[in-house]
Amino acid sequence: MCFRPPSAAKPVECPNCKKKIPVVGGVKQKVCPFCKTELPAETPDKPADK
């Protein structure tokens, strides 16, 4: 059995085109393959609705 932290499997969303880029082999992309926008290093948590 392999242990992976839950954050490792979450795809990264591009801030420009809003497409989700999967994390493959634990490696996060630095540039969106669709629109070539630089992706954030850390995915910020979505703010809770107030």
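Residue numbers (my numbering): 951 to 1000. A virtual CB, placed ideally from N, CA and C, is assigned to each residue, including glycine.
Which residues does DSSP pair with residue i in a beta bridge?
i	result
Lys970	Glu963
Going by other Cβ atoms of all chains shown within 10 Å of its Cβ, with 16 needed for buried, is residue i buried or exposed?
i	result
Cys964	buried
Val981	exposed
Pro990	exposed
Val974	exposed
Val962	buried
Measuring alpha carbon to alpha carbon, tell me which residue in the options is nearest residue i.
i	options	result
Lys960	Ile971, Phe984, Thr987	Ile971
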